[in-house]
DNA sequence: AACAAGCGGTGAAACGATTCAATTCCACAA
DNA sequence: TTGTGGAATTGAATCGTTTCACCGCTTGTT
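Residue numbers (this note's numbering), protein chains in the order written: chain A, 2 to 334; chain B, 2 to 334.
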């Protein structure tokens, strides 16, 4: 079979304990021995057996990442951030797509328990779920990703979605728009709910009228469908704000197909500022979130929680969204 | 700490062997004992330690997925396919981004060995690498993803890149283009090399002149940079074919910024047919690959290889690319 | 010379499951 | 009563690490 510690020890003429030290505490081994053992390890192509290591030490070096859908460019960026940060700390990442289904989410959490992950980074698909306590009881750290928590007994990394909603409406209002359509997904999604809060708050202050257009899934196809509903509104809005860029792309296509000009006839604003916004038919104005940074920060926070569990102070980090103006929004005529 | 087999055994008044049998071979245990032990397990909330189980049995239920970059929409789709298929079989997936660096790739392979994955799905960043043999010797199955292998001793799932290159040039030639720029990455990437073969073969037949413009990384930024090189060519080509859509988006932006009209001044053709092609400034014609299907098929193949290692027949599956014509390519004036 | 301190290194005891040869149990036949 | 065979159960060995008490050896101090 594959070579093990004992083989290396025999070959290098030392004890297994010493080889283990070379691996885990190189500083306590004499340089001469260190080098010899390292050479043997390289020669034999030895890689320690993770199970045995973890069995003995009680801890794995893996974390789970549960997101609604990596295919959503925002989460793709987040995932890269998580992966890069974890890799830097020599952690491996399990990728799980919950598709915003609580059932799938729970199934994945069970799998992650079985895999004995050290921690879990999760974007909950639902605001209330008790499963997390179950994980904690088993000694698995949990940190919330792209979700705020009022509960100070856990870490969270989020973007201020309320502020994002405000920023959007403030921008459109400042351009003179008084009737705005807000195209978004189900309110059960925490981010959606928060953005709506911001939208409504800013609308009240700026005396803007909001027509909410609800879609079931926040993807491009549903955006195109939503255009029919928008065109059927009693009064055609002069600006449209979409819950994310995917939705906005769909809306853009629907509008263009319907013969509307952007931004001359209607201004369009997205959310997430994904990379393709620049290359869109009309370069898309959007609310930018630091997705990659979000992932990196979350992973670092989670891992440090895992490793210093004693004196770890839970942190709730909140990033600020930013308005990025491109060609799709302009002054109301 | 958490309860273990011994605790259960003591509590139920049986030996650890019996408890293990209750878990793994309930049929050999007498009904009376079975029931008693199961009740004890439930009472204590006992969950077997996966490490110990796997250490002894030698097998895990995890696979590794190594791709150049999940942030590339093509691989994002592939990853979703892999994840969905693996999840259906109760396997968990480790996500690894090699960034087309052999060094990173090898580092990740070591990590995967440590994690004792059952199999690895990899898109090699380099055509020649011996590390895979190393994995096989350790009993880890390896299947090639988006890469063909002439070696019938391993599974591979790929798309016919040579044909893709041909399709592209045949399309452009049929529109009357005689000078075509081929914007692509390093030939060390197998897909790139194959597409080039197809390009050259079709060009020869159609009597088309190809100017190759090489970039280091196949992303949007480098596409924009490449435009300078294209504009500096002795003779401006009437069509540009890009190694992937990301590159094409960059080229598109560069061309538009330089005042060129697409497709009137120059036709532009991409590769991968990613979802945003439709929403681009000029809807992008492209060569489409069945990315999600590729991922699903690869994962199923790998897992079946892992589980029936004895009588497993290695398969090399090759999908066919398809031309998708949108607005960015047209007849030469 | 005696002793302490420190460094390198050793090897056996965990970790928590699975496995399997050995043992006990029990019913039934001789 | 003894013997037999099969089913149920046992418990020690095993997987490949990490950890830790302990042992020699060298060096420095008094």
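Ideal Cβ placement from N, Cα and C applies to all residues, glycine included.
Residue-level contact by beta carbon fails for residue 186 (chain A) and chain B, as no gap is shorter than 8 Å. CA-to-CA, the gap between residue 299 (chain B) and residue 157 (chain B) works out to about 7 Å. Inclusion of residue 38 (chain A) and residue 23 (chain A) in the CB contact set at 8 Å is warranted, their separation being smaller than that value. For residue 215 (chain B), the uninterrupted beta strand (DSSP E) segment begins and ends at 210-215.
Residue 51 (chain A) has a beta carbon lying within less than 8 Å of a beta carbon in chain B. Straight-line measurement puts the Cα of residue 288 (chain B) at about 6 Å from the Cα of residue 273 (chain B). Put simply, the backbone Cα of residue 30 (chain B) is about 7 Å away from that of residue 19 (chain B). At least one C-beta of chain B is nearer than 8 Å to the C-beta of residue 112 (chain A). Counting the other CB atoms within 10 Å of its CB gives residue 263 (chain A) a total of 16 or more, which places it among the buried residues. Using a CB distance cut-off of 8 Å, residue 144 (chain B) does not count as an interface residue toward chain A.
Residue ranges of uninterrupted beta strand (DSSP E) with 3 or more members, entirely inside the stretch 156-207 of chain B and ordered along the chain, are 156-160 and 180-185. For residue 242 (chain A), the closest Cβ of chain B is not nearer than 8 Å.
Annotated three-state conformation of residue 61 (chain A) is coil, per DSSP. Taking a C-beta distance under 8 Å as the contact criterion, residue 180 (chain B) and residue 238 (chain B) qualify as a contact pair. For the stretch 33-51 of chain A, the set of residues with a beta-carbon nearer than 9 Å to any beta-carbon of chain B comprises 46, 48, 49, 50 and 51, in chain order. Within its own chain, the residues whose Cβ lies closer than 6 Å to the Cβ of residue 78 (chain A), once the five positions on either side in sequence are excluded, are 292 and 293, listed in chain order.
Listed along chain A, the residues sitting closer than 7 Å to residue 71 (chain B) by beta-carbon distance are 71, 77, 80 and 81. Counting only Cβ-Cβ distances below 7 Å, residue 115 (chain B) has contacts in chain A at 48, 49 and 51, in chain order. Beta-bridge partners of residue 97 (chain B) (DSSP): B:67. By the rule that beta-carbons nearer than 8 Å mark a contact, residue 95 (chain A) touches chain B. Under the DSSP assignment, residue 30 (chain A) falls outside any beta strand (DSSP E); it carries neither an H nor an E label.
With a 10 Å radius around the Cβ and a threshold of 16 neighbouring Cβ atoms, residue 137 (chain B) comes out exposed. With fewer than three CB-CB distances shorter than 8 Å, the stretch 96-112 of chain B does not count as touching the stretch 105-119 of chain A. In this structure, residue 286 (chain A) lies away from residue 254 (chain A), with their beta-carbon atoms at least 8 Å apart. The straight-line gap separating the alpha-carbon atoms of residue 283 (chain A) and residue 188 (chain A) is approximately 29 Å. In its chain, beyond the 5 residues on either side, 170, 173, 174, 178, 179, 180, 181 and 203 have a beta carbon closer than 8 Å to the beta carbon of residue 209 (chain B).
Per DSSP, reduced to three states, the secondary structure at residue 275 (chain A) is coil, with no helix or strand assignment. For residue 141 (chain A), there is no enclosing beta strand (DSSP E), since its DSSP letter is neither H nor E. Our two residues, residue 184 (chain B) and residue 241 (chain B), have alpha carbons roughly 7 Å apart in a direct line.
For residue 325 (chain A), there is no enclosing alpha helix (DSSP H); the enclosing beta strand (DSSP E) covers residues 323-325.
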